[in-house]
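Some notes on the structure that comes next.
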Amino acid sequence: MSISNAMASGVAGLLANSTAVERISYNIANADTVGYRRSFAQMVTSGSLSAAGGTMATGVKTAITQTTGQDGGYSATNMTSNLAISGPGMFVVNSNIGANSTAPNVFSRVGSFEPDDSGFLRNAAGNYLMGFAYDQNGSLGNVDRASFADLQPVNVGTQTLAGSASSAMTLSGNLPSQETGQATPGDPFVTSAEFYTPLGEAQRLTFEWQPSTTKNSWTMTVTDGTNTFGSVDVAFNDSGAIAGSPASYSNVTSSAVAPASFSFDPATGQMTVSVDNGTTPQTMTVDIGAPGTFDGITQFSGDYTPMNIDVDGSQSGSLLRLEFDEFGDVWGIFDNGDRTQLYSIPLATFPNANGLVTTDNSTFSMSLDSGGFYLSRAGEGEAGTINSGGVESSNVDIASELTSLIQRQRAYSSNAKIITTADEMLDEMIRLKR
Numbered sequence: 002m003s004i005s006n007a008m009a010s011g012v013a014g015l016l017a018n019s020t021a022v023e024r025i026s027y028n029i030a031n032a033d034t035v036g037y038r039r040s041f042a043q044m045v046t047s048g049s050l051s052a053a054g055g056t057m058a059t060g061v062k063t064a065i066t067q068t069t070g071q072d073g074g075y076s077a078t079n080m081t082s083n084l085a086i087s088g089p090g091m092f093v094v095n096s097n098i099g100a101n102s103t104a105p106n107v108f109s110r111v112g113s114f115e116p117d118d119s120g121f122l123r124n125a126a127g128n129y130l131m132g133f134a135y136d137q138n139g140s141l142g143n144v145d146r147a148s149f150a151d152l153q154p155v156n157v158g159t160q161t162l163a164g165s166a167s168s169a170m171t172l173s174g175n176l177p178s179q180e181t182g183q184a185t186p187g188d189p190f191v192t193s194a195e196f197y198t199p200l201g202e203a204q205r206l207t208f209e210w211q212p213s214t215t216k217n218s219w220t221m222t223v224t225d226g227t228n229t230f231g232s233v234d235v236a237f238n239d240s241g242a243i244a245g246s247p248a249s250y251s252n253v254t255s256s257a258v259a260p261a262s263f264s265f266d267p268a269t270g271q272m273t274v275s276v277d278n279g280t281t282p283q284t285m286t287v288d289i290g291a292p293g294t295f296d297g298i299t300q301f302s303g304d305y306t307p308m309n310i311d312v313d314g315s316q317s318g319s320l321l322r323l324e325f326d327e328f329g330d331v332w333g334i335f336d337n338g339d340r341t342q343l344y345s346i347p348l349a350t351f352p353n354a355n356g357l358v359t360t361d362n363s364t365f366s367m368s369l370d371s372g373g374f375y376l377s378r379a380g381e382g383e384a385g386t387i388n389s390g391g392v393e394s395s396n397v398d399i400a401s402e403l404t405s406l407i408q409r410q411r412a413y414s415s416n417a418k419i420i421t422t423a424d425e426m427l428d429e430m431i432r433l434k435r
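Using this note's numbering, the first residue of the sequence shown is number 2, and each one after it goes up by one.
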């Protein structure tokens, strides 16, 4: 190798170590940056020189490597919407979710998400979280996990839960047999049952059980507290294996004023009540038990057992709070007591996550080296899990970076010495001619 080549190698060494120091400085500066991924410069030989014995390297250059696949520490924040990934995967985020925006989706580990003034989850870097939305039936449908087509910004600010109308109700409980057959029957036993209108409003039906002067016989009357729908006489078995179960239903009387209505099927123990609470009356079936069965109303000696009422439908609700599970599902807790899935937050995985290209605000974009993405469900396949209530810290180790800084400083000084030594040798060569 000639003196000039030695000098060129020294210059290459200075440049390479300068780049390495640049990366170390960048890592140290971002040691406390949420979700930051450490990068470093690897030294590789550069150039060659033909010689009698073969070839020899003449310089050095750097190859920048990301540590995207290395987790950072978990830092608790007690903020429910702050999310941290444990294991492989990245959030899909976007810097602009406006209707006319052309901003591309990118990838990030920065999970410091909080609702903005419109309810969209946005992290400290200004990027909005993207996810798949569940429909009202709790289904995602057939989402495309190999593209961004089905993703939408996660919004938790305007969530309401639509109510569903009640259509079926079941009553069960015990009536005290000793209250029947008396010359002066006592007051009726009263039970009210809540049901839900098509608008999600809660209303009630009232069931009055009046004991009869006839032994083991009752009259049930159905009202809404103001209007009477109808009544039916109920006789109970007093002997045999089916003692205590309904024996028969008779004397069905409808008092409903149209368009409300009332009917009763003695064979099944089911009544049909239409409530005048809208343009179209709401119709419900109320099951109190078929004759000879014990799955509805019974009559045994003892205390009155308050009716156990099972009704379908639900009341409309407003969002109270959010919960995030480890599989990326966003659950809404509503003031009507319901808990339902709102969004599924996927984690983007790659064949080579370390090949991603660093972009602004702690985000990454794909490259030829990274390969394509797949939007995995958290906790499945290669994807990691999601932890709520904290963020992932930077994966930078300060002690390691400072040690590398000392090494690079020494290497820089050594390469500088090559240049000064080569300069002195050239100067000495010039003096020979003099």
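Positions of the beta carbon are idealized from the N, C-alpha and C atoms, including for glycine.
(message) Classify D330: buried if its beta carbon has 16 or more other beta carbons within 10 angstroms, exposed otherwise.
(response) Locating residue 330 in the sequence shown gives position 329, counting from the first residue. By the neighbour-count criterion, in which 16 or more other beta carbons inside 10 Å mark a residue as buried, D330 falls on the buried side.
(request) Quick one: which unbroken beta strand (DSSP E) runs of 3-plus residues sit fully inside the segment 58–135? Chain order, please. (result) The beta strand (DSSP E) runs lying completely inside the segment 58–135 and spanning 3 residues or more are 75–77, 84–87, 92–95, 107–109 and 129–134, given in chain order.
(request) Leaving aside the five residues before and after D311 along the sequence, list all residues of the same chain whose C-beta is less than 6 Å from its C-beta, in chain order. (result) Position 310 of the sequence shown, counted from the start, is the residue given in the question as residue 311. Once the five neighbours on either side are set aside, the close Cβ partners of D311 are T171.
(message) Buried or exposed, going by whether 16 or more other CB atoms sit within 10 Å of the CB of I346?
(response) Here the question's residue 346 lines up with position 345 in the sequence shown. Here I346 is buried. Its C-beta has 16 or more other C-beta atoms within 10 Å.
(request) Go to Y344, then tell me how far its beta strand (DSSP E) extends in each direction, as first and last residue. (result) Taking the sequence shown and counting its residues from 1, the one referred to as residue 344 is at position 343. Taken as a continuous stretch (DSSP letters only), the beta strand (DSSP E) holding Y344 covers R340 to S345.
(request) Mark V276 as exposed unless 16 or more other C-beta atoms lie within 10 angstroms of its C-beta, in which case mark it buried. (result) The residue given as residue 276 occupies position 275 in the sequence shown. Buried, since its Cβ has 16 or more Cβ neighbours within 10 Å.
(message) Within the continuous beta strand (DSSP E) that includes R322, where are the two ends?
(response) Locating residue 322 in the sequence shown gives position 321, where the first residue counts as 1. That run of the beta strand (DSSP E) goes G318 to F325.
(request) Have a look at N396, F365 and G372 and flag the residue whose alpha-carbon is nearest the alpha-carbon of M91. (result) In the sequence shown, residue 91 corresponds to position 90, counting from 1. Ranking the options by Cα distance to M91, first place goes to F365.
(request) Starting from R24, trace the alpha helix (DSSP H) both ways and give me its first and last residue. (result) Here the question's residue 24 lines up with position 23 in the sequence shown. Note, R24: alpha helix (DSSP H), I4 to A30.
(request) To the nearest angstrom, report how far apart S394 and R146 are at their CA atoms. (result) Within the sequence shown, numbered from 1, the residue matching residue 394 stands at position 393. Within the sequence shown, numbered from 1, the residue matching residue 146 stands at position 145. Roughly 28 Å separates the two Cα atoms.
(message) Between which two residues does the beta strand (DSSP E) holding I298 run?
(response) Indexing the sequence shown from 1 puts residue 298 at position 297. Boundaries of the beta strand (DSSP E) around I298: I298 to F301.
(message) I'd like the span of the beta strand (DSSP E) that includes S165, first residue to last.
(response) Against the sequence shown, residue 165 aligns to sequence position 164. Secondary structure note for S165: it is in no beta strand (DSSP E), with a DSSP letter that is neither H nor E.
(request) Could you name the residues that DSSP lists as bridge partners for I334? (result) By one-based count along the sequence shown, residue 334 stands at place 333. I334 is bridged to R322 and R340.
(message) What would DSSP say about D304, mapped onto helix, strand or coil?
(response) For this step, residue 304 is matched to residue 303 along the sequence shown. Coil, per DSSP.
(message) With three or more C-beta pairs closer than 8 Å as the rule, is the segment 92–105 touching the segment 403–415?
(response) As far as the Cβ criterion goes, the segment 403–415 does not touch the segment 92–105, which means the pair count is below three.
(message) Going by C-alpha to C-alpha distance, which of Y129, T341, T181 and Y344 sits closest to G303?
(response) Translated into positions along the sequence shown, residue 303 becomes position 302. The closest CA to that of G303, considering only Y129, T341, T181 and Y344, is found on T181.
(request) Please confirm whether S371 and G36 have their CB atoms less than 7 Å apart. (result) Here residue 371 corresponds to residue number 370 of the sequence shown, with the count starting at 1. Here residue 36 corresponds to residue number 35 of the sequence shown, with the count starting at 1. At the C-beta level, S371 and G36 stay beyond 7 Å of one another.
(request) Answer yes if the segment 242–253 comes into contact with the segment 286–298, meaning at least three C-beta pairs across the two stretches below 8 Å, and no otherwise. (result) In short, these stretches touch, since the Cβ pair count reaches three.
(message) Given a cut-off of 7 Å on the beta-carbon distance, is the pair M272 and V287 in contact?
(response) Your numbering for residue 272 matches position 271 in the sequence shown. Your numbering for residue 287 matches position 286 in the sequence shown. The Cβ-Cβ distance between M272 and V287 falls below 7 Å.
(message) Count Cβ pairs between the segment 127–134 and the segment 231–241 that sit closer than 8 Å; are there 3 or more?
(response) Under the 8 Å Cβ criterion, the segment 127–134 does not count as touching the segment 231–241, having fewer than three qualifying pairs.
(message) Would N28 and R38 qualify as a contact pair, given that the criterion is a beta-carbon distance under 7 Å?
(response) Start at 1 with the first residue of the sequence shown, and residue 28 comes out as number 27. Start at 1 with the first residue of the sequence shown, and residue 38 comes out as number 37. No, the pair does not count as a contact, with Cβ atoms beyond the cut-off.
(request) Could you say which of L206, Q160, G290 and S173 lies nearest to Q283 if we only look at CA atoms? (result) In the sequence shown, counting from the first residue as 1, residue 283 sits at position 282. Of L206, Q160, G290 and S173, the residue nearest in Cα terms is L206.
(message) If distances are taken between C-alpha atoms only, which option among T386, L403, V155 and F208 comes closest to E195?
(response) Residue 195 sits at position 194 when you count from the first residue of the sequence shown. Comparing Cα positions, the closest option is F208.
(request) Quick one: residues in its chain with C-beta nearer than 7 Å to the C-beta of L141, no 5 flanking neighbours on either side, listed in chain order? (result) As a position in the sequence shown, residue 141 is number 140, starting the count at 1. Cβ within range, chain order: F133, Y135 and S345.
(request) Would you kindly work out how many angstroms separate the C-alpha atoms of I65 and A21, rounded to a whole number? (result) Position 64 of the sequence shown, counted from the first residue, corresponds to residue 65. Position 20 of the sequence shown, counted from the first residue, corresponds to residue 21. The alpha-carbon atoms of I65 and A21 are separated by roughly 9 Å.
(request) Please report how far the alpha carbon of A349 lies from the alpha carbon of F108, in whole angstroms. (result) In the sequence shown, residue 349 corresponds to position 348, counting from 1. In the sequence shown, residue 108 corresponds to position 107, counting from 1. Straight-line Cα distance between these residues: approximately 8 Å.
(message) If I measure Cβ to Cβ from A291 and keep anything under 7 Å in the same chain, skipping five residues before and after, which residues do I get?
(response) As a working mapping, residue 291 is identified with position 290 in the sequence shown. Take A291, set aside five residues on each side of it, and the residues of its chain with a beta-carbon closer than 7 Å to its own are T269 and G270, in chain order.
(message) Please tell me whether G14 and N416 are closer than 7 Å, where the distance is taken between their beta carbons.
(response) Stepping through the sequence shown from its first residue, residue 14 is reached at position 13. Stepping through the sequence shown from its first residue, residue 416 is reached at position 415. Between G14 and N416, the C-beta spacing is below 7 Å.
(request) Give the straight-line distance between the Cα atoms of R322 and F335, rounded to the nearest whole angstrom. (result) In the sequence shown, the residue the question calls residue 322 occupies position 321. In the sequence shown, the residue the question calls residue 335 occupies position 334. Distance from the CA atom of R322 to the CA atom of F335, rounded to whole angstroms, is 7 Å.
(message) On the DSSP bridge list, what partners appear for T181?
(response) Counting from 1 along the sequence shown, the entry for residue 181 is found at position 180. DSSP, once it has assigned bridges, lists no residue as partnering T181.
(request) Tell me where the beta strand (DSSP E) around A268 begins and ends. (result) Numbered from its first residue, the sequence shown carries residue 268 at position 267. A268 -> no beta strand (DSSP E), and no H or E assigned at all.
(message) Between L343 and V93, how many whole angstroms is the CB-CB distance? I'm expecting something under 8 Å.
(response) Translated into positions along the sequence shown, residue 343 becomes position 342. Translated into positions along the sequence shown, residue 93 becomes position 92. Contact annotation, L343 with V93: C-beta distance approximately 17 Å; criterion of less than 8 Å not satisfied.
(request) Give a yes or no on whether the C-beta atoms belonging to S76 and V397 are separated by under 7 Å. (result) The residue given as residue 76 occupies position 75 in the sequence shown. The residue given as residue 397 occupies position 396 in the sequence shown. No.
(message) Helix, strand or coil, according to DSSP, for Y375 in the structure here?
(response) If you number the sequence shown from 1, residue 375 lands on position 374. Of the three classes helix, strand and coil, the one that applies to Y375 here is strand, per DSSP.
(message) Measuring only the C-alpha atoms, how far is F351 from P154?
(response) In the sequence shown, counting from the first residue as 1, residue 351 sits at position 350. In the sequence shown, counting from the first residue as 1, residue 154 sits at position 153. Distance between the alpha carbons of F351 and P154 is about 22 Å.
(request) In angstroms with no decimal places, state the Cα-to-Cα distance between V253 and G293. (result) In the sequence shown, the residue the question calls residue 253 occupies position 252. In the sequence shown, the residue the question calls residue 293 occupies position 292. Cα to Cα, V253 sits roughly 19 Å from G293.
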